[in-house]
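Peer 1: Numbering (full-length UniProt numbering), first residue to last: 1 to 823.
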Amino acid sequence: MAGVSSAEVATQVPFYDVCALLEKIAGTTGTEKKKRILASFVKSWREAHAKLHGTSKTTDSFHSGMRLLLPHLDKERGAYGMKEVVLAKYYIEILSIGKDSADGRKLLNYRAPKNVKQDSVADFASVAYFVLRNRCPEKGSLKIDQVNKYLDQLASANIDHKRDEAKKALQLLLRNTSALEQKWLIRIIFKELKIGLSENSVFNVYHPDAMELFGVCNSLPKVCLDLHDPSIRMNEAEMSLFSPFRPMLAERKHISEVENVMNNQSFYIETKIDGERMQLHKDKDSFMYFSRSANEYTHVFGANSSSGVLTPHIAGCFSSSVHSCILDGEMVVIDPKTDTWLSKGMNVDVKSLTAYENDQGLHPCFIVFDILIINDKKLANVPLNERIKSMEKMLKPKPGYLQFVERQEAISNEDVVKALNSAIDKREEGLVVKSPSSVYKPNSRSGSGWVKIKPEYVDSLSDELDLVIVGGYFGVGRRSGMTSHFMCAVAVPSNIPGEHPKVFHSFCKVGSGYTMNELRELDQQLRPHWNAFDTKKPPEHIILAPGFKEKPDVWIDPSKSKIVQIKASEIITSDKFKTGVTLRFPRLEAVRTDKMWYECLDLNELTRLKSVAQGKLTYQHANVGQKSEPAKKRRREAARVEQSRTVAKHFKPADVSSVEEVSQMFRDKEFYIVNGPSSHAKAVLEKKVAENGGTLTQNPGSDTFCVVAERINVRVKNIISQNKYDVVKASWLIKCLESGELEPWIPSDMFHSSSRTADKFAEEFDQHGDSYTEFATAESLRKVFNNVQSKNSAVPLSTDEILEISQRYFSDNSPFGLFKHCR
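Written out as structure tokens, the structure reads:
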């Protein structure tokens with residue numbers, strides 16, 4: 001980046017450099033190592049900026065680079081409005097790839113297991129890379145500012161449904177970038193880089209206060225500009241007019257914990273509104289509205305007292321002494337015919353103009369529960385009870401358009417239970433309990449002094465539905481190569497008594513509630529019975545919504561399927577499923593191995609559930625003794641037979657039941673530890689693995705990360721003979737524990753390498769274990785020379801071989817070969 005002379009750094013930095021950076025970070029193991037690579041790039045950017053601008057104030061910042069590193073936070077560009085299939089069609093059209101060709105099918109069906117290489121991640125960008133690498137230049141010619149410009153055009157064109165302009169922008173990107181750059185462009189467009197660095201890590205590399213400031217302002221340009229100099233610290237997070245920030249949130253707690261959280265003092269109980277979290281910013285007759293995710297909806301609600309569907313109605317609700325303010329609250333839709341709020345589950349989008357453009361007379365209402373600025377005076381550090389008094393003085397509510405949240409004072413857990421039961425009877429979403437002394441902490445949840453309680457959090461208050469799986473969706477990322485989401489259905493009762501149902505109606509799609517191990521087990525059970533879903537020949541006994549608005553990738557005959565227990569908050573209307581309704585927030589609680597496929601929920605039972613509590617699945621009352629935690633999944637365990645036999649003490653696994661986790665260094669990794677050195681016995685190493693988030697096994701299987709051993713014994717030899725597992729020396733594990741980082745393996749760490757690891761080593765090391773990319777050290781050279789010596793000690797070089805090597809590597813005039821021809 002040296003020698004920058006243009007107006008902005010981004011005009012000089014090749015986009016290829018950013019892609020090479022992302023590729024290097026993605027291929028590096030360990031968060032700290034990844035952060036060091038990124039820090040070097042940011043440092044060089046700042047150095048180039050200093051050469052260009054010196055110490056003068058400038059609007060040039062790292063924003064051009066940051067919006068590529070954190071595309072999901074780039075609010076200025078917004079959404080591209082395109083996913084894999086749309087982008088695949090663009091590529092096929094621009095590059096004239098046949099839809100039925102091998103490459104065309106790869107792009108259009110990238111998630112199909114046959115297109116996913118073993119041990120690889122199934123994402124569109126990786127598949128596109130292999131399709132494009134013979135069709136693109138080796139290195140692109142675009143700078144960062146040009147790429148950002150074309151991406152802006154692409155996003156704008158897709159939002160405005162201008163397909164030709166979108167195609168033109170994509171064509172310019174495609175013709176001037178390499179396949180590697182296209183891979184990262186695709187991930188930027190999809191706003192998911194997959195480099196193993198969280199937004200918190202990226203912000204911390206840029207500036208220690210960047211995450212805090214972004215949590216307040218929600219603006220990448222502001223963060224990059226205000227914190228350009230890493231030596232200048234942000235002393236206090238600021239909230240300012242017409243600059244959105246992430247709101248304060250409530251944490252989830254047990255009902256019985258409320259009194260302790262509130263320090264046994266009185267507290268407020270507020271109704272939890274089932275609407276859209278919204279901020280209202282006002283300065284004289286100028287209004288702006290921002291959602292929880294900092295998206296602006298002023299065009300819907302009105303920028304002044306004469307525009308929009310809400311502002312003209314509430315502009316007169318403010319005291320004449322109030323010139324400017326920021327209000328925090330919830331936006332809901334009011335149905336004036338019934339004088340009720342319409343919940344989000346009723347498929348009414350409070351943020352959309354179309355919700356108010358029909359003849360039903362619907363209009364928005366802003367439910368206010370906090371005030372943060374009055375006439376440029378910041379109130380964030382003022383206690384809640386004082387903020388409420390200020391809010392009530394400056395606002396005059398207007399029923400149906402601007403109202404205060406329902407709030408009551410309480411002193412005990414019994415008061416919370418009574419309020420929750422009342423909310424259940426009123427079909428409300430739940431409660432928010434707040435400490436009167438709480439200050440406002442943007443983007444904060446834990447320890448905030450705000451607690452949320454919903455009926456579905458409490459055991460035994462929710463109905464659980466037994467549904468049958470009839471369809472599956474291919475997974476991506478960690479779930480690639482298997483079905484990760486499932487379509488569930490209800491049965492149509494047979495007219496013949498005692499006959500099993502023959503027809504099933506699609507009802508919902510579920511993709512959460514289970515662990516990876518549970519998902520793998522369910523996938524293995526269903527895998528032999530999946531059939532590709534063909535819209536031209538759909539299964540006769542599985543009925544989907546008209547037009548296949550929601551269709552699975554594969555389907556299964558219900559008689560070969562499983563019953564699953566689903567928990568959700570309510571039943572809502574939906575045109576995506578044949579039942580005409582679906583579940584809100586569904587999650588899979590358990591696989592019902594005790595039920596046959598034909599014992600699932602049927603249409604008659606579904607109709608009853610819809611009518612019992614207006615679709616709410618939580619309608620029973622709570623009591624003080626009930627737990628407000630999700631009900632644990634019911635497991636069927638096989639009866640255990642007591643055995644009198646035992647094993648030698650040194651073969652037994654360590655008892656890790658009471659071990660407290662201190663880090664997640666070994667998260668999602670399973671170890672089999674055979675033995676260890678005298679300083680770190682098997683039991684000691686097992687406890688250390690558990691302390692650092694790892695899991696243990698005494699019999700390696702498909703999920704085992706590696707086998708650890710200090711010495712080779714009969715057990716280790718048997719494992720090596722299977723050629724399935726990486727057998728690692730105990731010294732590697734001890735090295736990880738001492739450094740506090742998951743160190744990558746090198747050949748000298750291994751007793752035995754699996755074929756996958758051996759292939760990786762072949763790319764990174766020579767036959768003697770010398771790295772192609774890492775700088776040599778005295779210790780690494782010593783190990784390499786020992787390897788060379790041990791391999792060659794039995795076969796010394798002959799004189800002729802020495803002469804041949806000398807002639808190959810040294811010219812005739814080399815002073816080191818003076819007597820090489822003499823004998």
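Quick reminder that beta carbons are idealized off the backbone N, C-alpha and C, glycines included. On a predicted model such as this, the values are computed, not experimentally measured, just so you know.
1) Buried or exposed: where does V564 fall if 16 or more other Cβ atoms within 10 Å of its Cβ makes it buried?
2) Could you please give me the residues that DSSP links to F671 through a beta bridge?
3) Determine the burial state of H299: buried for a count of at least 16 other Cβ atoms within 10 Å of its Cβ, exposed for fewer.
4) Would you call the CB atoms of M391 and V322 closer than 8 Å?
5) Looking at the secondary structure, which residues open and close the alpha helix (DSSP H) in which H485 lies?
6) Hey, out of G196, P137, V205 and L197, whose CA is closest to L172's CA?
7) The beta strand (DSSP E) spanning S324 covers which residue range?
8) Tell me whether the beta-carbon of A48 lies closer than 8 Å to the beta-carbon of V9.
9) Is the Cβ-Cβ distance between A489 and V468 less than 8 Å?
10) Helix, strand or coil: how does DSSP classify W184 here?
11) In its own chain, which residues sit with a C-beta less than 7 Å from the C-beta of L170, not counting the 5 before and 5 after it?
12) Thinking just about the alpha-carbon of each residue, which of E428, A410, K35 and L372 is nearest to the one in M262?
13) With which residues is I542 paired in a DSSP beta bridge?
14) Could you give the residue range of the beta strand (DSSP E) that holds H281?
15) I'd like the list of long-range same chain contacts for Y672, defined as Cβ closer than 6 Å, with 5 residues on each side in sequence excluded.
16) Would A303 and F287 be called neighbours here (beta carbons separated by less than 8 Å)?
17) If you run the structure through DSSP and keep just helix, strand and coil, what is M211?
18) Classify Y91 as helix, strand or coil using the three-state DSSP reduction.
19) I need the boundaries of the alpha helix (DSSP H) containing H299, first residue and last residue.
20) Since G65 is in the beta strand (DSSP E), which residue starts that stretch and which ends it?
21) When the distance is taken between beta carbons, is H281 closer than 8 Å to K326?
22) Based on Cα-Cα distance, which residue from S753, V727 and G472 lies nearest to D557?
23) Does the pairing of the stretch 372-392 with the stretch 420-432 give three or more beta-carbon distances under 8 Å?
24) So what does DSSP say about W732, is it helix, strand or coil?
25) Among L353, N347, V368 and S293, which one has its Cα closest to the Cα of I314?
26) Rounded to whole angstroms, what is the Cα-Cα separation between A778 and A102?
27) I need the straight-line Cα distance from K562 to R592, nearest angstrom please.
28) Restricting to Cα atoms, I'd like to know which of A532, S574, K536 and R527 is closest to E550.
29) Can you tell which of A590, I566 and S480 has the C-alpha that lies nearest to the C-alpha of E518?
30) Using 8 Å for Cβ pairs, my map puts K139 next to Y297. What's the rounded Cβ distance?
31) Which residues bound the alpha helix (DSSP H) around R163?
32) From F761 to I746, what distance separates their C-alpha atoms?
33) Should the stretch 174-185 be regarded as contacting the stretch 122-135, the criterion being three or more beta carbon pairs within less than 8 Å?
34) So, with DSSP's three-state summary, where would you put P436?
35) S286 lies in the beta strand (DSSP E); which residues open and close that run?
36) Classify Q664 as helix, strand or coil using the three-state DSSP reduction.
Peer 2: Reading from the atomic positions:
1) buried
2) L696 and C706
3) exposed
4) no
5) That residue, H485, is in no alpha helix (DSSP H); its beta strand (DSSP E) goes T483 to V492.
6) P137
7) S324 to D335
8) yes
9) yes
10) helix
11) Y90, I94 and L154
12) A410
13) F504
14) E276 to D283
15) T697, P700, T704 and V707
16) yes
17) helix
18) helix
19) T298 to F301
20) Where G65 is concerned, there is no enclosing beta strand (DSSP E), although the alpha helix (DSSP H) it sits in stretches over H63 to L69.
21) For the record, residue 326 in the displayed sequence is Ile; it is not Lys. Against a cut-off of 8 Å, the Cβ pair of H281 and I326 comes out as a contact.
22) G472
23) no
24) helix
25) V368
26) 50 Å
27) 7 Å
28) S574
29) A590
30) About 43 Å separates the two Cβ atoms, so there is no contact after all.
31) R163 to R175
32) 7 Å
33) yes
34) coil
35) S286 to S291
36) coil
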